[in-house]
Structures are given as structure tokens and as C-alpha cells.
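S.K.: One structure, pasted below without further comment.
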Amino acid sequence: MRTLLLAPLAFLYRLAVTFRHRLFDWGVLKSERFDLPIICVGNITVGGTGKTPMTEMLVGYLSRSHRVAVLSRGYGRRTKGYYEVRTDSHYRDAGDEPLQIKQKYPSTVVVCCEKRVKGIRRLQKEHPEVDLIVMDDGFQHRYVDPKVNVVVVDSTRPIQSDRLLPLGSLRDLPDQLYRAHYFVVTKCPEKMAPIDRRILRKVLIKYAYQQIYFTRFESFRPQPLFPAEARSAPLAKGERVIALSGIGNPGPFLQTLRERYDVAAEVTRKDHHVYRVRDMQALAALLAQYPDAAIVTTEKDAVKLRRSRKVPAVVREHLYYMPIDISFIEDSATDFLQKIEEDVKRN
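Have a look at this one:
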């Protein structure tokens, strides 16, 4: 029944997206290329595929030889237009992901602007020292013609078996993947079967200029979000925890916790969730039920909770976050990053 109800909406969505792409292909809508290299990190699905960790990895590497800036739409922020993120910005002004990047790389210029062309022009004017821009989530945008397109694909949600919104999680047409230069497949199992890699290569790679890399998230021991108030040092394996997440695809995060800890309860919210007093009251109630438990959340949620005055003392004492990093399978990170560097330098 749900499929029957949503199928007409998915059909209309397909028509709208197809027509918009045709306008760009025909030159009715214009794509603009700038005089400094732009790397776009994007995807064609809604929800968490791993764009932000990928962006952070590129910023960390390319900052060694470039003055890098990050341009983001700043999804979920209450501000409009051009906004330059500071380390002490409120996440409601900057968006949770741009603020996370800025706090990890304080010397990197991070700006938000929903109109990417306007944002790039102003960024160039106000920061003439910048010689490279990493555009977070702009593959669909098309008003900007980046030098390199890196498309992040979630291995747990295969594109070949997905469907367009609202029937599935695809927000763009799979046939637009011809514009990608690199595919980074995230959340792969530690021992990924060769046949699974071959299937993904066949599905994604259509042209000789495209390359694919397989990665997984490497999770580290949860750290206290409020060290001065924490009840103990980093959590030991097997301790009781309450899982807290407000991200696009919490499955891998929850699975990691289940493998390493005794998960007493799971509190899952929508992506970019704004934590309110009632959320804190619910966590305090769970702590009353499990007084020996720690609350473990994601890095993205930690950005929102760190400066919130709504977090009561009892929750602050028990609140931890799990750092993550992208780990390339078969030690291919160096190859990927060096190829990106070569593309940036190539005229």
C-alpha cells in the first residue's frame, strides 16, 4: 500500500530532477568554473554516507601544501546567506557539520552559503590567500563546476537496489554518476568479499577516468564530552552504555557499540536533531534506571551537546562521544590522496 501511494510522488520527483539536469546539459542553466581548484565531496542519497569524515580527511592532507577553505550549505542552520564559521559559533548558526570541521581544523576557513557561486565569490574576496576549496555536499548543485568530484557511497545501502525519494533514499539519478571522478565506498565490512567489490565496481565504474576506493570507519574509545565533570577516564570494553544518536544512518555506530559494550538502551533521533529539554529528561530517566551506564554519542551529536545549557549535571557526568576516522582498505589512502593532489595541480 505504501509503495502504491508513494510511487506517483517518486515519478514526479524523477521528472523534476531529470528536467533540471537537462537544463544544465542544454546550457539553459549555467555551471561556473572558477580560477582556483574546487573539490566537491558529495553523494546521491539522503542520510549519512560519510561526507564529513571524507571532507575532514581531505582538509587534513591538503592543508599541508595549500591554504584550504571549506564551503558548505550548512544544513539545518537558522542563519541565511553567507556565514563564516568560528570555533565558538553556535551550531544553530553554523550547522553541526561545518562547526565540527572548524573545531577540528581551527586555522581552516569554513563558510556556509546555500548559493554556492555567491559563497565562492565572497570567500575569494574576503580570503584571497585561499588557493583550494573543498565543497561539502555539492554534487547535485551543478551551478558550480568543480575540478574534482568525489562521490561517497554507503556500502550498507547499495545504489543498484535503491529507489528515488520518497520510495527510497536516492535524491539524484544514478545516471548522473558519470560526473564523478572518484568513488569512495564507506562502511565496508572489515573482511569485504572480493565479489562484493567486483559488483560495486561494475555498478559504479562506467568510464576510464573513474576510480573506486573501499573504506570503513575506524572507531576509537569513547572520550568524555565534559572531561572536568566526567566520572571516569575513557570507557573500558564491556561497560554498560546508553547509545545516543541523531545522524542519517546510525546502524554502523550502533553495531560498533553492541560489539564492544553492554548496550542497555538505544536513543535514536533524526539526522540534524535539535536536542531539547525533553531529550535531556529522557536521558536522565534512563540514567536513573541504569545508574552505572555511560551515555555514548557520535562526534556530530557531540558538537551540538558540548555548548548546550540544556544538558543537566547528571547527564554531563555520564556523557561520552566516539571519535571516528576513515580507514582505507588495503592501505590505499596514500594512492587516493596523491591522485587528488595531482588533479589539483594539473591545469
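Oh and the sequence shown: position 241 is 221 in this note's numbering, straight run, nothing missing. Beta carbons: idealized from backbone N, C-alpha and C, even for Gly.
Here's a check: name, in chain order, each residue in its chain whose Cβ is nearer than 7 Å to the Cβ of residue 17, leaving out the five neighbours to either side.
M.R.: 112, 127, 324
S.K.: Whole angstroms is fine: what's the gap from residue 312's alpha carbon to residue 199's?
M.R.: 19 Å
S.K.: Apart from the five residues on each side of it in sequence, which residues of its chain come closer than 7 Å, Cβ to Cβ, to residue 296?
M.R.: 206, 209
S.K.: Just to confirm, are residue 75 and residue 102 a CB contact at a threshold of 8 Å?
M.R.: no
S.K.: Could you work out which residue in 235, 271, 34 is closest to residue 294 when comparing CA atoms only?
M.R.: 271
S.K.: Compute the Euclidean distance between the alpha carbons of residue 162 and residue 289, then round it to the nearest angstrom.
M.R.: 42 Å
S.K.: I need the straight-line Cα distance from residue 181 to residue 167, nearest angstrom please.
M.R.: 16 Å
S.K.: Do the CB positions of residue 244 and residue 273 come within less than 8 Å of each other?
M.R.: For residue 244 and residue 273, yes; Cβs fall inside 8 Å.
S.K.: Quick one: grab the DSSP three-state call for residue 234.
M.R.: Look at residue 234 here: in three-state DSSP terms it is helix.
S.K.: Beta carbon of residue 11, beta carbon of residue 130: below 8 Å?
M.R.: Cβ atoms of residue 11 and residue 130: not closer than 8 Å.
S.K.: For a test of the three-state rule: what should DSSP assign to residue 220, helix, strand or coil?
M.R.: strand
S.K.: Among 254, 250, 275, 317, which has the Cα closest to the Cα of residue 287?
M.R.: Per the Cα distances, 254.
S.K.: Starting from the Cα of residue 27, find the closest Cα among 307, 235, 230 and give me that residue.
M.R.: 230
S.K.: Taking the alpha-carbon of residue 183 as reference, which of 9, 65, 155 has the nearest alpha-carbon?
M.R.: 155
S.K.: Can the beta-carbon of residue 262 be found closer than 8 Å to that of residue 247?
M.R.: yes
S.K.: From the DSSP output, which residues share a beta bridge with residue 128?
M.R.: Looking at the DSSP assignment, residue 128 forms a beta bridge with 19.
S.K.: Please report the Cβ distance between residue 80 and residue 280, rounded to the nearest whole angstrom; I am assuming they are in contact, meaning their Cβ atoms lie under 8 Å.
M.R.: 6 Å
S.K.: For residue 133, does the count of other Cβ atoms within 10 angstroms reach 16, so buried, or fall short, so exposed?
M.R.: Burial call: buried.
S.K.: If the criterion is Cβ atoms closer than 8 Å, does the pair residue 152 and residue 120 meet it?
M.R.: yes
S.K.: Run through DSSP, which three-state label would residue 94 get?
M.R.: In the structure shown, residue 94 adopts coil according to DSSP, grouped into three states.
S.K.: Would residue 157 be called buried (16 or more neighbouring beta carbons within 10 Å of its own) or exposed?
M.R.: When all chains shown are included, residue 157 counts as buried.
S.K.: Could you tell me whether the Cβ of residue 92 comes closer than 8 Å to any Cβ of chain B?
M.R.: Annotation note: the requested chain B is absent from the structure, which comprises a single protein chain.
S.K.: Could you round the C-beta distance between residue 78 and residue 90 to whole angstroms and report it? I think they count as a contact, below 8 Å.
M.R.: Right, their Cβ atoms sit about 5 Å apart.
S.K.: So is residue 15 buried or exposed if we call it buried at 16+ other beta carbons inside 10 Å?
M.R.: Answer is exposed; the Cβ neighbour count stays below 16.
S.K.: Nearest-angstrom Cα distance between residue 46 and residue 114?
M.R.: 11 Å
S.K.: Per DSSP, what kind of secondary structure is residue 65 in: helix, strand or coil?
M.R.: coil
S.K.: Counting only runs of 3+ residues fully inside the segment 131 to 190, write out the beta strand (DSSP E) ranges in chain order.
M.R.: 162 to 166
S.K.: What number of angstroms, rounded off, separates the C-alpha of residue 20 from the C-alpha of residue 33?
M.R.: 14 Å
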